[in-house]
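Below: one structure, written as structure tokens.
2 protein chains.
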Amino acid sequence: MATLKDVAERAGVTVTTVSRMLNNKVCVSEKTRSRIQAAMNELGYHPNDFARSLSKKSSNFIGLIVPMADHAFFNSVIASVERHASERGLKLLLCVSNHAFEKEKEFIHMLLSNKVQGIILASHTEGIDEFESIDAPLITLDRIVNTRIPAVCADNYHGGKLAGRHLIERGCQKLVYISDTPIPYMEASKRYLGFCDACAQAGVDRPPEVIAADNQFCQMDYHKTIEKVFAEHPDVDGIFTSNDIIAAQVIQYCHKHQIAIPDQLKLVGYDNSQLASMCSPPLTAIHQPIDDICNYAVASIVQASKGYLNPSQAVFPVTLVERETT
Amino acid sequence: MATLKDVAERAGVTVTTVSRMLNNKVCVSEKTRSRIQAAMNELGYHPNDFARSLSKKSSNFIGLIVPMADHAFFNSVIASVERHASERGLKLLLCVSNHAFEKEKEFIHMLLSNKVQGIILASHTEGIDEFESIDAPLITLDRIVNTRIPAVCADNYHGGKLAGRHLIERGCQKLVYISDTPIPYMEASKRYLGFCDACAQAGVDRPPEVIAADNQFCQMDYHKTIEKVFAEHPDVDGIFTSNDIIAAQVIQYCHKHQIAIPDQLKLVGYDNSQLASMCSPPLTAIHQPIDDICNYAVASIVQASKGYLNPSQAVFPVTLVERETT
């Protein structure tokens, strides 16, 4: 295997110069740089990032822990975090917890062992208090645990309010909210509060909340819950769902039972994931600025690793994207 | 920061014993192990994986390069590779190339610098020949470059044949194939060959292939291509698409133009991603065993890193999953 010395010889420079370039010092000219790069390519030399990280306090890895990867929302989070990390020269270590706290704990230990620059935690956070003293920047995404662990999320309350106002403006009077099982610390539960407040302000009946069973979130199959909604609320004329997947399945139910959307039933989803635009008819949905949220999360890790203090909480605005279900 | 010595003292064992446990040597009893673990937790000690990797030839990272992360097929690939890597104690470094060969090259250098155990390449592979001599196991996923770089893919030819046979069995006579722009080395182009052969064997007209423009793949918007299909082939009664996303948009077109599925038009998608079951009506699709393919890819990296020879090509069977569009 080629060594640093071989590269220096082939490029006709000193070992110090090669080392300077590898450490991104500015005092190496463009011409010398390209000569060294050519020598490295010819010899198949790859600098050992491990050895270089040893001499620093942290590596250029960033850790992301999500509960699942095969899910519209988390899929967007993964894509966004990778993009923003990569733009900053960071490499993404992706960890999927499958909703298991033990697995999360293992991942956090693993990430710390690899001296990550920081950790973005978008997975469940039961017992996260254990991790308050970890010596790497940590930020939670879409959940607020306590004021000591910085968090970034979208304005869930306002999202619920926008959905409620829009359905009422379109003439709905009998509204229902369908949601996943609430998870401790999850900011998403505020969507229902905003939805109810929009109804109260317009003098519309308080909408019931129909909650899907625990396993339906993991399996992404909400059909039983949807059947229950139509059985218990036969006069429903407007539905707001806590994610686009539930909404897509409401469309499937209506297609099967010949309920015309939007004539007989109006529908608003949440997240505005790709799925929203792929439905027939395309789904009106509350848009979370996932890309901006993820950019913020990565940037805040970089800031914190430089010793800057970050806000303990950052809330991003949401918008309503109107399509053909309302 | 706590050291190995601190952990040994707190656990009442020698430094050698702690070191043995960290290196997964078998000669440490369960009881001692848990005592050491407890001491590590109490002291907040995280073994330095970097330092440990230095003394080995490779780290326990595995690299995955995909062209995009925000796409049904690659999303499943990411989720599967992470799961199978994690089960084997490997950590996933996720790289997204955005279809740029220069970016791919950079990622490969980065991964080699990090002494990855191997690389799974599911991104475009123009100029991959440059990488034949890299000194880490490499496997391409869903594309076959040459016999010297191992490849794993699904049986695309048979997938096309299954789709053709099924549509003909359901009574279709005027078939059309809608596909993405063909990419060099992509195995997916064999789907059309299988589809044509099924037609020839049944005495049905050879189906035209309508190819979407380049940018439609990245933007996942195929509406223009779909309009063209119906304009140029007004008597079409069966459509086969090269991915589920195109099929979902064919459903949208039919919904808008009141073409009844499956009565007036029958439709078969490809991949059998989550989107297939979320459509209204749910989509009949060719199922690629993505999870098995990814498991194989990870296993073959592990095998190769132990010095075993892998098949140069592994082809997995596909099946047809019947839903409500046929």
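Here the protein sequences come in this chain order: A and B. Position one of the first sequence corresponds to residue 1 (the numbering used here), numbered consecutively onward. Position one of the second sequence corresponds to residue 1001 (the numbering used here), numbered consecutively onward. The beta-carbon is built from N, C-alpha and C at its ideal position, and this holds for glycine as well.
Stretch pair the segment 1220-1232 of chain B + the segment 1249-1264 of chain B: three plus CB contacts closer than 8 Å: yes
Cβ shell of H158/A (< 8 Å), same chain only, five flanking positions each side left out: G194, P317, V318
Proximity below 7 Å, CB of I1062/B to CB of S1123/B: no
CB contact check: H255/A to chain B, cutoff 7 Å: yes
Neighbour-count burial assignment, P67/A, 16 or more Cβ in a 10 Å radius: buried
Neighbourhood of R33/A by C-beta, 7 Å cutoff - its chain only, sequence neighbours within 5 removed: M21
Under 8 Å (Cβ pairs) to chain B, residues found in the segment 286-312 of chain A: none
CB of A276/A within 7 Å of CB of D244/A, strictly: yes
Supposed contact pair L1093/B and L93/A - C-beta distance, whole angstroms, cut 8 Å: 6 Å
Opening and closing residue of the beta strand (DSSP E) in which E1209/B lies: 1209-1211
Sufficient close CB pairs (3 or more, under 8 Å) joining the segment 1164-1179 of chain B to the segment 1200-1216 of chain B: yes
Neighbour flag for A1069/B against chain C, beta carbons, 7 Å: The structure shown contains no chain C; the protein chains it does contain are A and B.
Cutoff 7 Å: K1005/B Cβ touching any chain A Cβ: no
Neighbour flag for A1136/B against chain A, beta carbons, 7 Å: no
Supposed close pair Y1270/B, A1285/B - CB separation, criterion 8 Å: 6 Å
Proximal residues of chain A, C-beta to C-beta of V1096/B below 8 Å: A79, E82, R83, S86
Bridge-paired residues (DSSP) for V96/A: V66/A
Cβ-Cβ separation, A1136/B to V1116/B (assumed contact under 8 Å), whole Å: 6 Å
C-beta atoms of I1120/B and A1299/B nearer than 7 Å: no
Proximity of S179/A and S242/A at Cβ, strictly below 7 Å: yes
Closest Cα partner of V145/A within the set Y192/A, Q313/A, E324/A, T3/A: Q313/A
Cβ-based neighbour list, S1380/B, same chain, cut-off 7 Å, excluding 5 preceding and 5 following: Coverage of chain B is limited to positions 1001 through 1326, which leaves residue 1380/B absent and any answer about it impossible.
Contacts that I245/A makes with chain B (C-beta to C-beta distance below 8 Å): M1278
7 Å Cβ cutoff met for A69/A and V28/A: no
Per-residue contacts from I1251/B into chain A (C-beta, under 7 Å): S280
Listed by chain order, chain B residues near K91/A by CB distance under 7 Å: L1093, M1110
Whole-number beta carbon distance between D1237/B and L1267/B, since they are thought to touch under 8 Å: No, L1267/B and D1237/B are not in contact; Cβ-Cβ is about 10 Å, not under 8 Å.
Range covered by the beta strand (DSSP E) that runs through D271/A: 266-271
Between the CA atoms of L90/A and I78/A - distance to the nearest angstrom: 14 Å
Nearest neighbour of G203/A, chosen from Y192/A, T181/A, H223/A, E169/A [CA to CA]: E169/A
Element boundaries [beta strand (DSSP E), containing A1154/B]: 1151-1154
Counted within 10 angstroms of its Cβ, other Cβ atoms place T17/A as buried (16 or more) or exposed: buried
Residue from V1321/B, I1139/B, H1223/B with nearest C-alpha to Q1303/B: I1139/B
Rounded separation between P182/A and D142/A - CA only: 13 Å
Separation of A188/A from L54/A, as counted between CA atoms: At L54/A, the pLDDT of 46 sits below 50, so the modelled position is not reliable and the matter cannot be decided from this model.
Span separating the alpha-carbon of G44/A from that of I1134/B: 8 Å
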